[in-house]
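> So in the working numbering the end of the sequence shown lands on 296, straight run, no missing numbers.
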Amino acid sequence: MRAAFVVYGDLDIVSGGYIYDRAIADQLSTAGHHVEVIGLPWRTYGEHLLDNLKPGLLRSMAIPGYDVIIQDELNHPSLFLLNRWLKPRIDAPVISIVHHLRASEHRPTWQNRLYRLPEHLYLRSVDAFIYNSQTTRQIVEAVVQRPGIVVYPAGDRVQTNITPQQIEARAHTAGPLRVLFVGNLIPRKGLHTLIDALAQLPTESWHLTVIGNEDADPAYAHAIHRQVAQVGVEASVRFAGRLLDTALIAEFLAAHLLAVPSTYEGFGIVYLEAMGAGLPAIGSTAGAAHEIITDG
1 MRAAFVVYGD LDIVSGGYIY DRAIADQLST AGHHVEVIGL PWRTYGEHLL DNLKPGLLRS
61 MAIPGYDVII QDELNHPSLF LLNRWLKPRI DAPVISIVHH LRASEHRPTW QNRLYRLPEH
121 LYLRSVDAFI YNSQTTRQIV EAVVQRPGIV VYPAGDRVQT NITPQQIEAR AHTAGPLRVL
181 FVGNLIPRKG LHTLIDALAQ LPTESWHLTV IGNEDADPAY AHAIHRQVAQ VGVEASVRFA
241 GRLLDTALIA EFLAAHLLAV PSTYEGFGIV YLEAMGAGLP AIGSTAGAAH EIITDG
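1. If you reduce the DSSP assignment to three classes, tell me which class Glu214 lands in.
2. Hey, would you say the C-beta of Ser15 is under 7 Å away from at least one heavy atom of the ligand PLP?
3. Tell me whether Gly148 sits in a helix, a strand or coil according to DSSP, three-state version.
4. DSSP three-state call for His207: helix, strand or coil?
5. Three Cβ pairs or more, each shorter than 8 Å: is that satisfied between the region 110-117 and the region 258-265?
6. Under 8 Å between the Cβ atoms of Gln159 and Glu291?
7. If we require 4 or more residues per run, which alpha helix (DSSP H) segments fall completely within the region 19-92?
8. Let's see if you can read the secondary structure: which residues bound the alpha helix (DSSP H) around Ile139?
9. Helix, strand or coil for Ala223, going by three-state DSSP, please let me know.
10. Tell me the DSSP secondary structure of Phe267 in three-state form.
11. Could you check which residue in Ala31, Leu58, His48 and Thr30 has the C-alpha nearest to that of Gly9?
12. For Arg116, name the three-state secondary structure that DSSP assigns.
13. Under 6 Å Cβ to Cβ from Val237, same chain only, skipping five residues before and after it: list those, please.
14. What's the C-alpha gap between Glu204 and Thr285?
15. Could you tell me the boundaries of the beta strand (DSSP E) in which Ile97 lies?
16. For the alpha helix (DSSP H) containing Ile162, name the first residue and the last one.
17. Between which two residues does the alpha helix (DSSP H) carrying Ile195 extend?
18. Please go through the same chain and pick out, in chain order, the residues whose beta-carbon is closer than 8 Å to the beta-carbon of Ala23, but skip the five residues on each side of it.
19. Tell me the DSSP secondary structure of Leu123 in three-state form.
20. Could you say which of Met61, Phe129 and Leu117 lies nearest to Ala4 if we only look at CA atoms?
21. Thinking C-alpha only, which one of Arg89, Ile90 and Leu57 is nearest Ser78?
22. Taking Glu318 as the reference, which of Pro55, Val210 and Gly278 has the closest Cα?
23. Do Val270 and Val182 come within 8 Å of each other at the CB atom, strictly closer than that value?
24. With 16 other CB atoms within 10 Å as the buried threshold, where does Tyr45 fall?
25. Between the Cα of Pro187 and the Cα atoms of Ala223, Val179 and Trp206, which residue gives the shortest distance?
26. Relative to the C-alpha of Asn161, which residue among Ile249, Ile70 and Ala31 is closest?
27. Taking the Cβ atom as the reference point for each residue, do Asn184 and Val126 lie within a distance shorter than 8 Å?
28. What do you get for Thr294, buried or exposed, if any count of 16 or more other CB atoms within 10 angstroms of its CB means buried?
29. Can you grab the Cα-Cα spacing for the pair Tyr20 / Ala92, in whole Å?
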């Protein structure tokens with residue numbers, strides 16, 4: 001089988017969604033199928049809308065011989081009209097991987113109403129869906145009924161090999177509570193909320209390690225550094241930046257708990273990764289985190 005895989009950028013981007021996409025592409029390749037990645041350039045949302053008018057993008061997906069076209073739903077602003085022109089030109093189903101809808105994110109209602117129009121048009125333009133959670137499936141099926149399947153990501157991407165005895169010993173180590181945040185520094189991940197909460201505690205009682213890409217939203221990352229300085233907790237917060245898996249595993253093993261209080265998560269693979277290292281995971285009730293985290 002020959003598959004086209006449409007994403008923004010490439011599959012080497014480090015985020016939960018791209019890890020999920022890469023796992024699907026890798027499994028297809030392992031099974032003997034040929035996967036061709038069609039990487040669309042990252043631009044502003046408005047510029048992505050204009051992608052629908054570019055004949056070159058249409059031609060790249062309308063090449064004869066594809067047996068299936070897989071699209072990450074994140075690309076919907078570039079594809080919501082283009083898919084309608086594509087479908088009569090190909091003899092292959094279009095399958096969308098849905099992590100979460102943009103219109104499900106926390107922002108002013110009027111903005112989400114505007115985002116909802118092209119996103120819903122996109123959802124109606126595809127043939128089937130792969131969902132990362134039941135929550136995501138329910139939200140999409142409230143818009144359109146298409147064949148779909150929920151494929152939960154595995155939690156064994158990072159292998160820690162920690163034992164129950166080591167987990168217990170770590171929990172009883174002396175010193176401040178070691179809190180870990182893992183995620184791109186963007187408002188949706190809620191790092192500002194976590195810092196506000198920790199700042200209410202004596203600074204000597206906790207230490208926060210922040211792992212994530214600060215280039216995803218430089219203005220937000222700058223605001224986070226300013227917030228840390230304003231509340232006077234610089235000595236208790238360490239910014240580690242992006243880490244390779246080996247270094248990430250070391251941070252999982254050193255921490256006492258993971259806290260990522262996102263305003264919305266379509267799934268939240270980092271919670272699974274942390275649990276694999278024996279860590280309690282703290283998330284929010286918004287989105288699908290409740291499918292992974294058992295309260296209490």
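Cβ coordinates follow ideal geometry from the N, Cα and C atoms, glycine included.
With the structure as the only source:
1. coil
2. No copy of the ligand PLP occurs in the structure displayed, which carries no ligand at all.
3. strand
4. Strand at His207.
5. no
6. no
7. 45-50, 55-61, 76-79 and 82-86
8. Gln134 to Glu141
9. helix
10. coil
11. His48
12. helix
13. Leu208 and Val228
14. 29 Å
15. Val94 to Val98
16. Here Ile162 belongs to no alpha helix (DSSP H), and DSSP marks it neither H nor E.
17. In this chain, the alpha helix (DSSP H) harbouring Ile195 covers Leu191 to Leu198.
18. Correct list, in chain order: Pro153, Ala154 and Arg157.
19. Leu123: helix per DSSP, three-state reduction.
20. Measuring C-alpha to C-alpha distances from Ala4 to each of Met61, Phe129 and Leu117 identifies Met61 as the nearest.
21. Leu57
22. As displayed, the chain neither begins before 1 nor continues past 296, which places residue 318 out of reach and without an answer.
23. yes
24. exposed
25. Ala223
26. Closest option to Asn161, Cα to Cα, is Ile249.
27. no
28. exposed
29. If I take the Cα positions, the gap works out to 23 Å.
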